[in-house]
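Engineer: Counting with our numbering, you get residues 1260 to 1609 for the letters of the sequence shown. Glycine residues also receive a C-beta, built at the ideal position from the N, C-alpha and C atoms. Remember, it's a predicted structure, so these values are computed and weren't measured experimentally. My questions all concern the structure below.
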Amino acid sequence: MSIRMTGRAASVLLLAACLFATGLRAMGAEKTDVIVLTNGDRVTGEIRSLSNGLLSYKTDDMGTLSVEWERIKRISSSWPFILEDLVGRRYTGALHETPNDGEVMVLQESGPVTLKLADIVGIARFGKRLAQRFQGYLDLGFSLQKAQKYTQLNLAANISYLSQKWDIRTDASSYFTSQENVEDIKKNLLSVDAMRLFRKRWTAAGFTQFEQNTELNLVGRILAGAGVGRYFLRTNRNVLSAVAAVDVTRENYYDATESKTNMEGVLGANFNAFRYWFPNMSITSSLFAYPSLTEKGRVRVKFQANIRYEVFRRFYVSLGFLDSYDSKPGGETTTKNDYSLTFGISWSLT
């Protein structure tokens, strides 16, 4: 048992390490970018990204800061960036100050373009070399309780690539628990998504996914599909998008249930909301339905939501919910529904 568990954990860690190593960009960039805050403070550092209304900004003295975009009145950098505005248009180039507060000039190859800061909803560093255009992260958690002979491993990893017309990302997650006299639990997910941006917030995408879940009797579900989507709302406070697609799946099961090949429709929506003044709040949620086109009466549904709320100054509560439903799962004794609920509290010093 322990040898098998070690091998699984090592395989998962190796996969995540490879993903993460590929996503690392060049380090040690010279910090010559400048932001000017609404209170007049001028801060020199390195612009990392703008997402969900927060600018990630790295400094030598204060580390990496998360600055509310609304608090910035000027920004400049000689490094090229990709900027996205409210209607989904993207601009690539260095950032130059203008005579007016609340504006920035993007020095594109086709000519300079002046944008209002309030209209910018995304910024990503655009590397001069291909390897510098990847970003990623790796989160790992491990728990061991000797008395109960209990082991738990959690892992999440991501690599993303951004260009003026393409978004490509790979996500991996793994959850594994082992306890004496209790059947092991494994939940693994690997996905690759490629999205092409068009005018008026429309997108086209191709995607593939591998899922393993002992709770759903799944040795493996391989999925590949394509579809269209649209951002209906994208600001520095709210994001609402929807997608419609078709996919093909192949499912294998732990028991004697016959393997299945299935074609599905995909209907989904994502909604995120953010607030960075007291009380701080963030909401991320997604709902996807997969009605089968080849197996009558079968529908899969996945719902995920996370809420983080500031109860009083610098004290937060968080709630997370994940639900997977399958109206016709493989195996007569397999549960139709698998869900998890998490609750947390946190306190911030700053």
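Should residue 1538 go down as buried or exposed, given a rule of 16 or more other Cβ atoms within 10 Å for buried?
Structural biologist: Residue 1538 should be labelled exposed.
Engineer: Which term fits residue 1599, buried or exposed, when burial requires 16 or more other beta carbons within 10 angstroms of its beta carbon?
Structural biologist: Residue 1599 should be labelled exposed.
Engineer: Label residue 1509 either buried or exposed according to how many other C-beta atoms from any shown protein chain fall within 10 Å of its C-beta, with 16 as the threshold for buried.
Structural biologist: The residue in question, residue 1509, is exposed, as its Cβ has fewer than 16 Cβ neighbours within 10 Å.
Engineer: Do residue 1319 and residue 1306 have their C-beta atoms closer together than 8 Å?
Structural biologist: Cβ distance not < 8 Å, so residue 1319 and residue 1306 don't count as in contact.
Engineer: Within the continuous beta strand (DSSP E) that includes residue 1461, where are the two ends?
Structural biologist: Residues 1461–1472.
Engineer: Is the stretch 1321–1341 close to the stretch 1362–1377, with three or more CB pairs under 8 Å?
Structural biologist: Yes, the stretch 1321–1341 is in contact with the stretch 1362–1377.
Engineer: Quick one, which of 1558, 1568, 1601, 1468 has its alpha-carbon nearest residue 1579's?
Structural biologist: Nearest C-alpha to residue 1579: 1601.
Engineer: Could you tell me if residue 1343 is buried or exposed, where buried requires 16 or more neighbouring beta carbons within 10 angstroms of its beta carbon?
Structural biologist: Its Cβ being crowded by 16 or more others within 10 Å, residue 1343 is buried.
Engineer: Within its chain, find whatever has a CB closer than 6 Å to the CB of residue 1534; leave out the 5 residues flanking it on each side and keep chain order.
Structural biologist: The answer, listed in chain order, is 1540.
Engineer: Whole angstroms are fine: how far does the CA of residue 1481 sit from the CA of residue 1337?
Structural biologist: Computed Cα separation, rounded: 44 Å.
Engineer: Leaving out the 5 sequence neighbours to the left and right, which residues in its chain are closer than 6 Å to residue 1562 when beta-carbon positions are compared?
Structural biologist: 1546, 1582.
Engineer: If you run the structure through DSSP and keep just helix, strand and coil, what is residue 1442?
Structural biologist: Of the three classes helix, strand and coil, the one that applies to residue 1442 here is strand, per DSSP.
Engineer: Look up residue 1354 in the DSSP assignment and say whether it is helix, strand or coil.
Structural biologist: Here residue 1354 sits in strand by DSSP.
Engineer: By DSSP's criteria, residue 1321 is part of a beta bridge. Which residues make up the other side?
Structural biologist: BP columns for residue 1321 are empty, so no partner.
Engineer: I'd like the list of long-range same chain contacts for residue 1424, defined as Cβ closer than 8 Å, with 5 residues on each side in sequence excluded.
Structural biologist: Contacts found: 1349, 1455, 1456.
Engineer: For residue 1389, name the three-state secondary structure that DSSP assigns.
Structural biologist: Residue state, collapsed to three classes: helix.
Engineer: Return the residue from the list 1529, 1441, 1606 that minimises the CA-CA distance to residue 1567.
Structural biologist: If we check each option's Cα against that of residue 1567, 1606 comes out closest.
Engineer: Under the rule that 16 or more other beta-carbon atoms within 10 Å means buried, what is residue 1405, buried or exposed?
Structural biologist: When all chains shown are included, residue 1405 counts as exposed.
Engineer: Let me check understanding here. Comparing Cα to Cα, which of 1304, 1438, 1449 lies closest to residue 1403?
Structural biologist: Looking at the Cα atoms, 1438 is the closest of the given residues.
Engineer: Would you list the residues sitting across from residue 1560 in a DSSP beta bridge?
Structural biologist: Residue 1560 pairs with 1548, 1584.
Engineer: Could you have a look at residue 1506 and say whether DSSP puts it in helix, strand or coil?
Structural biologist: Correct three-state label for residue 1506: strand.
Engineer: Considering only their Cβ atoms, is the gap separating residue 1398 from residue 1414 smaller than 8 Å?
Structural biologist: Result yes, Cβ atoms of residue 1414 and residue 1398 sit closer than 8 Å.
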